[in-house]
Every structure is written in C-alpha cells, then in structure tokens.
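Undergrad: Residues in the sequence shown are numbered consecutively from 299, following this note's numbering.
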Amino acid sequence: MDQDQTTEPQPSSAPDTKPRGGKRRQESSTLKEYGMIVLYAVLIAFLLKTFIIRGFYIPSSSMENTLQVNDRVFVNVAGSFFSEAERGDVVVFRDSQGWVPASTSSNPVRDVLSFVGVMPDSSSNYLVKRVIGVGGDHVVGTDDGRILVNGVELKETYLKPGVSPTDLPFDVIVPQNSYFVMGDNRSNSADSRYHIENGREFVAEADVVGEVFVIAWPLNHFTWISGESQVFEDVKSNS
C-alpha cells in the first residue's frame, strides 16, 4: 500500500510582487496636497485683498489719536467699487503724486507676503488720511486756524487734543472725482494743505483703495472706525 508522502515546502521562485517605492509615492502625494492647500490659501488671500478687505500697517503719527503708530487696520476694498468716499471717512489711497519720497529699503519676503495679502501692507506707496472735502466742495483754512467747508465751520471732534485745525491758511475748490484730505494730527501731517503750491493737493477717486473700518491689532487698540459723519451734517453739497 502506498504511504502518504509529505514534502518540505520549497522556497517560492516567483518574483516578489509587492510594490516598491510605495512610501515614497505616498510622501510625494502628501507634499502635493500640502502644496495645493498653500496655493489655495494664497489665492484666497489675494482675492480677499484685491476685492474684499485689505490690511495695512500704520507707520506714522499723522492720524493720531484715531490711529496709532504700529496699528494694523483693515480697509473695506469692496465698498470702493460701489460707492464714493464721503466727508469724514478715513481712507487709504495710493501715493500716485509722490507726497512721500519713495523708500529705497525693502524686505523682499515681506513685500511678497503683503502683495498676496498674507501680511498688512507697510509700503510707503499708500497713505491714510481723513476726507474733508469731496468734488465741488469749497474748503477754506482761515488765518485764525478754522476749517470751513461750503461756508460751514467744522467742529472736528476727532482731532488730536491740543492740535489746531490748521496752522496753514488755504482756499481750494475740490474738482469732481477728487478729495481734499487731512490728517487728524494736523501739526504732524503733510496732507493736502502742503501740496497746494505744486498743484498736487487733491487725491483722485481712482487712487482710493478703500475706507478704514477697524483697528485689528494690537488687541488693546481694537476699535471700529466710523466716518464721523455728524461733524459734516450741516454741510450742504455744492456739486
């Protein structure tokens, strides 16, 4: 009778079919996912900055006490697409007329992050002031330091305490689609008043980025910014 026979298992000669480089491909896929997340985040930040809101850094004391040095503010960019700035609004605008000498120093990394909207813009190419006169307005700074708009004297509650409304007399009529702007710290603000002699005193509507609506940082300065429209409520339009 034949006996049942058992044989010792032999090593398989078939090639190993386990995928090689799987971990490497997984790491590559993960890196691509992270890269896409970063790309989308940058794109969203850029779109928000361009069409919705934009952050800016306050480098000077020209708007004290409303805005302090080193404050970070947000600007309503979307509003500038649908409406014009009004008297009393605090606006950021491009310095297309060279009110401030161009800075030669820059931080390339910060410039890129500011451009895409990840960091507040600290560029000297943008200025922040308060709108005092709009198109058609007759704005006068009297010899005794008062400000009149269309014959109405302003009681400017937002001025830095102890500062005169103006130490520089002037008399201008604002062209259409333009603004006459001044800082709240009148004694330390090279605003529209100081550019009358060279014919560069008015800010074009097209240069306005938007209205400042909040101080976001530092947290102890967090404040919603209003247009102080009550200061101008008695001013009648000349346009």
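Beta carbons are placed, not taken as given, at the ideal position from N, Cα and C, and that holds for glycine.
1. State the Cα-Cα distance for the pair residue 396 and residue 465, rounded to the nearest angstrom.
2. Rounded to a whole number of angstroms, what is the C-alpha to C-alpha distance between residue 455 and residue 444?
3. Return the residue from the list 501, 534, 523, 535 that minimises the CA-CA distance to residue 363.
4. Going along the chain, which residues of its own chain have a beta-carbon closer than 8 angstroms to the beta-carbon of residue 463, five neighbours each way excluded?
5. Indicate the three-state DSSP secondary structure (helix, strand or coil) for residue 329 in the structure shown.
6. What is the residue span of the beta strand (DSSP E) that residue 514 lies within?
7. If contact is defined by three or more beta carbon pairs under 8 angstroms, each pair taking one atom from either stretch, is the stretch 524-533 in contact with the stretch 493-505?
8. May I ask you to report which of helix, strand or coil DSSP gives residue 300?
9. What separation, rounded to the nearest whole angstrom, lies between the Cα atoms of residue 366 and residue 518?
10. Going by CA-CA distance only, name the one from 391, 361, 351, 359 that's closest to residue 375.
11. Count the other CB atoms, across all protein chains shown, that sit within 10 Å of the CB of residue 428; report buried if there are 16 or more and exposed otherwise.
12. Mapping DSSP to helix, strand and coil, what is residue 361?
13. Quick one: measure Cβ to Cβ for residue 510 and residue 388, integer angstroms, because I've assumed they're closer than 8 angstroms.
14. Can you say whether residue 535 is buried or exposed, counting buried as having 16 or more other CB atoms within 10 angstroms of its CB?
15. Rounded to a whole number of angstroms, what is the C-alpha to C-alpha distance between residue 332 and residue 460?
16. Roughly how far, in whole angstroms, is the beta-carbon of residue 361 from the beta-carbon of residue 481, given that I think they are within contact range, below 8 angstroms?
17. Look at the alpha carbon of residue 516 and the alpha carbon of residue 371, and state the distance between them as a whole number of angstroms.
18. Helix, strand or coil: how does DSSP classify residue 503 here?
19. Near residue 394, what residues of its chain come up, given a Cβ to Cβ distance below 6 angstroms and the 5 sequence neighbours on each side ignored?
TA: With the given structure in hand:
1. 23 angstroms
2. 13 angstroms
3. 523
4. 439, 443, 444, 445, 452, 454, 457, 484
5. helix
6. 506-515
7. no
8. Because the pLDDT at residue 300 is just 46, under 50, the model does not fix this residue reliably, and the point stays unresolved.
9. 12 angstroms
10. 351
11. buried
12. coil
13. 4 angstroms
14. exposed
15. 54 angstroms
16. 5 angstroms
17. 10 angstroms
18. helix
19. 505
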